[in-house]
Amino acid sequence: MSLSPLVLLALAFGIGAIIAAIAIPLLIAWQRRLAIGQQVYEDGPASHADKQGTPTMGGVAFVLAAIAGTVVAYWQGGPSTWHVPLLLLVTAAAAIGFADDYLKVVRKRALGLRARAKFALLIAVALAFVAWASTQHVYAAQWFSGFIVLPQWLWWVLALCAIVGAANAVNLTDGLDGLAAGTAVPPLWLFSFLFADALPAAVLGACVAFLYYNRHPARIFMGDTGSLALGALLAGLAIEYDFLLLLPIIGIVFVAEALSVIAQVASFKTTGRRIFAMTPLHHHFELKGWREQRVTTMFIVTSACAAILTFVLLAFAPPGQAN
1499 MSLSPLVLLA LAFGIGAIIA AIAIPLLIAW QRRLAIGQQV YEDGPASHAD
1549 KQGTPTMGGV AFVLAAIAGT VVAYWQGGPS TWHVPLLLLV TAAAAIGFAD
1599 DYLKVVRKRA LGLRARAKFA LLIAVALAFV AWASTQHVYA AQWFSGFIVL
1649 PQWLWWVLAL CAIVGAANAV NLTDGLDGLA AGTAVPPLWL FSFLFADALP
1699 AAVLGACVAF LYYNRHPARI FMGDTGSLAL GALLAGLAIE YDFLLLLPII
1749 GIVFVAEALS VIAQVASFKT TGRRIFAMTP LHHHFELKGW REQRVTTMFI
1799 VTSACAAILT FVLLAFAPPG QAN
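Structure (structure tokens):
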């Protein structure tokens, strides 16, 4: 039986949402029973003190949803050759995040995985995926004016930076209730709708269900398990669909969060002055007096506008596919 694209997306979305709705309460109950949860850093905003002990690792639901999306695609008999590699990418990134969360929450190691170890593992995962992806299509990227053929070396650099950068950028964004998951919804919708892809549709459903528990005041956080998985998935989809040049636009909020940290560090090291009250960027607005919900809403709306703008502009792009 062959389903129409919209029915396929609705099915994948629904299955992802149901999986998350079942898995997340179980994760909350497990951590409550063991009396473990998120550790809040002392150098963060004072208003975050009440988040101490909140259950985390909710990103496990995203991986389960990604598996479901892959199964739905296979059930339809026409899966993309990308689905299993994408699933492996997401699972590997989530595993790195889970190890970090486990060390912080269960083993009480405040900083989790060492930064260098986490970065090295992400690079290794990215290299493996990009090496495989390079065998699947020509080195090109979609732009609003059409496809642009890229030098091989530049495509490799962009692809590697996309995975490592997106994973870390989403991780940095995951600092307010509902922020990272809510901001990821528009890009996931864009990939799902444009390409009738069950995998991002299933993760989109999981994100929406997760937001029910993650909205302010959050009952669970996605943790590094979720943020690294979401970032890797968005980058992997961008590589699959030749969106490497468009990824910074549809992920504008994640880019802004990451750049705020880079700019803050660079400015302080070179001039001794800070550009922002605190980074990542969402903390700057908090310290300027914005309520947490207002910051989250503004960032989600910005992400939605970027996704809609990209969709509209692509509607007028010259037809064609590079892969």
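If you're matching positions, the sequence shown starts at 1499 in my numbering and goes up one per residue. Here a beta-carbon is modelled for each residue, glycine too, at the ideal position from N, C-alpha and C.
Next on the checklist: Tell me the residue span of the alpha helix (DSSP H) that contains Gly1644.
Outcome noted: First-last for Gly1644: 1644-1647, but that is the beta strand (DSSP E), not the alpha helix (DSSP H).
Item to check | Beta carbon of Gly1512 nearer than 8 Å to that of Phe1708 | outcome: No, the Cβ-Cβ distance between Gly1512 and Phe1708 is not below 8 Å.
Next on the checklist: Within a Cβ cutoff of 6 Å, which residues of the same chain sit near Arg1792, ignoring the five residues on either side of it in sequence?
Outcome noted: So the list is empty, once near-sequence residues are dropped.
Checklist entry - If we count the other Cβ atoms within 10 Å of its Cβ and call it buried at 16 or more, is Pro1778 buried or exposed? => result By the neighbour-count rule (16 or more Cβ atoms within 10 Å), Pro1778 is buried.
Checklist entry - Which residue spans inside the stretch 1620-1674 form an unbroken beta strand (DSSP E) run of at least 3? => result Runs of the beta strand (DSSP E) inside the stretch 1620-1674: 1638-1641, 1644-1647.
Item to check | Beta-carbon proximity of Leu1731 to Val1588, cut-off 8 Å | outcome: Contact: yes.
Checklist entry - If we call anything under 8 Å between Cβ atoms a contact, is Ile1517 one with Ala1727? => result In this structure, Ile1517 sits away from Ala1727, with a CB-CB distance that is not shorter than 8 Å.
Checklist entry - Taking the Cβ atom as the reference point for each residue, do Ala1716 and Asp1672 lie within a distance shorter than 8 Å? => result Ala1716 is not a Cβ neighbour of Asp1672, given a cutoff of 8 Å.
Next on the checklist: Output needed for Ala1559: all residues of its chain with C-beta closer than 7 Å, excluding positions within five of it in sequence on either side, in chain order.
Outcome noted: The answer, listed in chain order, is Ile1517, Ala1518, Ala1521, Ile1522, Ala1704, Phe1708.
Next on the checklist: Please identify the residue among Phe1752, Leu1688, Asp1740 whose C-alpha is closest to the C-alpha of Ser1632.
Outcome noted: Of Phe1752, Leu1688, Asp1740, the residue nearest in Cα terms is Asp1740.
Checklist entry - Just how far apart, CA to CA, sit Thr1768 and Leu1562? => result Thr1768 and Leu1562 have their C-alpha atoms spaced approximately 45 Å apart.
Checklist entry - Using the beta-carbon count (16 or more within 10 Å), is Leu1686 buried or exposed? => result With 16 or more Cβ atoms within 10 Å of its Cβ, Leu1686 is classed as buried.
Checklist entry - Since Asp1548 contacts Asp1722 with CB under 8 Å, what's their CB separation in whole angstroms? => result Contact between Asp1548 and Asp1722 is absent: CB atoms are separated by about 21 Å, not below the 8 Å threshold.
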